[in-house]
Every structure is written in structure tokens, then in C-alpha cells.
Amino acid sequence: MKVAYLNYFDLLNPQSWTRSEYGFIYTNYNKAKSLESFAEVTYICALDYQLSPWRNRQVQVKRWWYESVWKQRYVHWATPHLGHSLAQQIQERLNHDPVDLIIGSDTTLVSQLRVDVPVVLWATNLFTPLLDRYPDYQNLCGETVRGFKDFDRQSLKTCQRFIFPSHWAADNAHQVYGLPREQIEVVPYGANLAHEPSLEQVKMAIAQRSQNTLNLLFVGVDWQRKGGDLAVAVAQRLNQQGIPTQLTVVGGRVPQEVEALSSVTSAGFIDKFSEAGAMAMAQLFERSHALLLPSEAETYGNVLCEANAFGVPVLATAVDGIPTIVEDDRNGRTFPRNRFVEGASRYLQALFEERDRYLHLAHQARQEYEQRLNWPVVGETMASILNRCF
2 MKVAYLNYFD
12 LLNPQSWTRS
22 EYGFIYTNYN
32 KAKSLESFAE
42 VTYICALDYQ
52 LSPWRNRQVQ
62 VKRWWYESVW
72 KQRYVHWATP
82 HLGHSLAQQI
92 QERLNHDPVD
102 LIIGSDTTLV
112 SQLRVDVPVV
122 LWATNLFTPL
132 LDRYPDYQNL
142 CGETVRGFKD
152 FDRQSLKTCQ
162 RFIFPSHWAA
172 DNAHQVYGLP
182 REQIEVVPYG
192 ANLAHEPSLE
202 QVKMAIAQRS
212 QNTLNLLFVG
222 VDWQRKGGDL
232 AVAVAQRLNQ
242 QGIPTQLTVV
252 GGRVPQEVEA
262 LSSVTSAGFI
272 DKFSEAGAMA
282 MAQLFERSHA
292 LLLPSEAETY
302 GNVLCEANAF
312 GVPVLATAVD
322 GIPTIVEDDR
332 NGRTFPRNRF
342 VEGASRYLQA
352 LFEERDRYLH
362 LAHQARQEYE
372 QRLNWPVVGE
382 TMASILNRCF
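What follows is the structure, given as C-alpha cells:
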């Protein structure tokens, strides 16, 4: 089977990857690489979108109008013009290198594609569930909202199969657009790790975790959306209840009042895709009893899979894509956001006071990584789906 994988970025040239989108690009790189376990993959990537002088002037006028008059955001590429431009570039490459199957990683890439071979959408989600929930998709003008929804609708006409990493994304596609369940598959993504820790390494790390201090980890650049305040509140409550607790925060800037707390250590931003950063993150995972991720919204959360790879259970909010990764009392626990502090504190206290129970959960977390949350398993699952359907 010869498969074309569509993506904006130059997946085979890591030096071109932008730091702000490195995690997103790396996920797409791993998705494409997982296909190589059973198919010949043609990378149709590094796609371009340039505006003519006339269209660029039109964009500038529209942006001024929406932002100055209506105080709304205008996204210039959320138009059918982008879909047509991408479809033309993709078709030109396919003319020189025909394939048996096309996999698009985004609805913009397939919305206007008209080809004679099957097309599959393998994306984290459609645009629709992001609207008004995520910072980049808030306060949008009506024209932009219609553009995003049009990408989704047109993709439903183009694609024969839809593969998402979470039940949340799959349910949204079914409920909003009436997409038949039999056309939808759920395949969780794997952990984005350059170096997978060995099982023996993980067993040793779990056994060596402190019995005197509860070490918690929070990873997130977006402090508010990722729920940094709630993670801090959990650490404070546990300390008040007599459980010595230390929270290490990795990511963006920590509020000044939080940085002053003795129970919180700020590690700053760690580039986990660099050699030094990967080693630093590995050391933090190895010593941490649990990862906290009380997000307001989270389309998936690869860091949860990465924590499990190190035998670190996850305590998170039951929002969006998270419950697909975290199975209660298997590799962690999820809670409603308004009860996260109370629920997570009680759960962690019980684990810390019952060492055998904690050790069992930590080893199960690693098992979940080995059985579900790694890229070789993703490749096997994709092979089964695509061979069955096409």
C-alpha cells in the first residue's frame, strides 16, 4: 500500500520546525512514521499559502474593519481560497507520484481535494469544537467562524474515513455533523519521546520514589488553560493535611505569588525536544509520584502519555480528550474541574499513605503506555483499520 501523508510543515526537516509548534509538528511526524511500519509513505508536506497583492490588500482592509470597528478577530486563511490553493499543490505532487490512499492531518488540507483514491482524515479534532473554547478561536468574526465550519463540512464530503485520537473529537463529529459512527475510528496518539525509558529503568524509578515527600509535577506553558492555580491548590491542601508535598512547575511564567511559595519549585521552560531538555524532563518524571493536569480544555494531551511511559500516574480534569487517555484507577484518575482540588487531594493522600496501592497504580500506568499509548501500537492499529476499510 502506498500512502500520501499531507501536512503543512516539512516533517522530514526538523531544523525547519518552529519552537512554538514543535509539539504539534512532532506528533504529525510520529503519525507519519507509524504508517511506515506497514505502508510506503509519500510525504506531501511543506505546503505553501501565498496571497496575491490584490488579495493581500483585501485581507488588510478586512482585518482593519473587523478589529477596529467590530473588535473581533479575523483569520485571513479561514476561507475556501486556502482549501483550493492546497488542493492544487497536492494534486500537482500526486500527478508525479500516484498513491493508493491519502491521509490528511487537517480539514484544511482535504476540504477541496478531488481525487480518484480514498481519502482519510486523521486529525486531532475538527475545528468546530475549538470555537469559543480555545484562546486562538475566541472572539472570532462571523466570516471566520463560517470559514472554519466550511472546512469541516467540505471534509465530510471528501473523506471516506475519519480517525481521531479521542472519543470527545469523534463524538463531536457525530453529534454536530451527523457523521455516521461506522465511518469514525478512535486511535489514541502515543507519547512524543525521543528516547523511551526501558521497563527496568521505570521499575527502578518507581521503587526509588520518596516515601517522605510527595513529589508532584505540572507541565504547561498556558498557566490558565492548563489549570496551574488548581495544581498549586492541591499541593497546598496536602501540606495543610500533613502530607509533605512539593510541586514542580514546568512551562511558562509562573505568577509571582506562586513562585514565592515554599511548596512550589519553578523549573521554567524546558525544551523537551532538545537533548538536554529531554534528560531534564526524564529526571523530573522519574522522581515524581504523579502528574497534575487540571485543564479547562485539552484536545488531547501527549504529556499524559509521556508521564505514563515513566510509570507516573496522571490526575487530570475529565474534559475533552483527556478521558480517552486516563482510565480511572488504571493509569490515574479524572475529576470534574469544580471538584478537582478536593478529589485529587484525597486521592493522592490515600496513595501516599498506602504505598502498595501507589506502586500498583504506577506499574499499571506503564502498562497502559505499553499497551495503548505508544506509536508502534498506533501503527499496528492503523494498519488493521486501513486494511479492513480499503
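If you're matching positions, the sequence shown starts at 2 in my numbering and goes up one per residue. Beta carbons: idealized from backbone N, C-alpha and C, even for Gly. Bear in mind the structure is a predicted one, so any value in this text is a computation, not a measurement.
Work out the CA separation of residue j and residue i for me, nearest whole Å.
i    : j    : result
V177 : G24  : 28 Å
W78  : I104 : 21 Å
A345 : A363 : 16 Å
V203 : E287 : 7 Å
W1   : L285 : The requested residue 1 does not occur in the structure, where the chain is confined to residues 2 to 391.
G228 : R134 : 14 Å
A88  : R115 : 8 Å
Q225 : L200 : 34 Å
Y9   : D49  : 7 Å
L13  : F274 : 15 Å
C306 : I326 : 7 Å
A236 : E93  : 56 Å
S263 : V251 : 16 Å
P324 : T335 : 7 Å
R389 : E37  : 17 Å
E354 : F39  : 47 Å
H168 : A174 : 10 Å
A308 : T28  : 16 Å
Quick check on the burial criterion: 16 or more other C-beta atoms within 10 angstroms. Buried or exposed for residue i?
i    : result
P130 : buried
R254 : exposed
D272 : exposed
Q372 : exposed
R377 : Note on residue identity: the sequence assigns Pro, not Arg, to residue 377. Per the 10 Å Cβ criterion, exposed.
G243 : exposed
K3   : exposed
E276 : exposed
W65  : exposed
D321 : buried
G179 : exposed
N140 : exposed
V120 : buried
M205 : exposed
G143 : exposed
F128 : buried
E22  : exposed
With a Cβ-Cβ cutoff of 8 Å, do residue i and residue j count as a contact?
i    : j    : result
A319 : E197 : no
V313 : A298 : no
L239 : T249 : no
T145 : Y75  : yes
A124 : A195 : no
N303 : N193 : yes
A261 : V342 : no
Y348 : L316 : yes
G380 : S86  : no
P81  : Y301 : no
A232 : P295 : yes
How would you write the range of the alpha helix (DSSP H) that residue i sits in, first residue to last?
i    : result
K72  : Element bounds for K72: n/a, residue is neither H nor E.
Y30  : 23–36
L362 : 356–372
T382 : 376–390
K150 : 143–159
Would you mind reading off the limits of the beta strand (DSSP E) that contains residue i?
i    : result
F165 : 162–165
R334 : 333–336
E186 : 185–187
I103 : 102–105
F219 : 215–221
S393 : In the structure displayed, the chain extends from 2 to 391; residue 393 sits before or after that span and is not available.
G179 : Looking at the DSSP string, G179 is not in any beta strand (DSSP E), and its letter there is neither H nor E.
A291 : 291–294
Using 8 Å as the limit for Cβ to Cβ distance, is residue i near chain D?
i    : result
F311 : The displayed structure is made up of one protein chain only, and chain D is not part of it.
Open item on the list: If contact is defined by three or more beta carbon pairs under 8 Å, each pair taking one atom from either stretch, is the segment 41–58 in contact with the segment 91–107?
Closed with: yes
- [ ] Report yes or no: do three or more beta-carbon pairs, one from the segment 207–224 and one from the segment 180–195, lie closer than 8 Å?
- [x] no
Open item on the list: Could you check whether the segment 104–117 touches the segment 150–169, counting it as contact only if at least three pairs of C-beta atoms, one from each stretch, sit closer than 8 Å?
Closed with: yes
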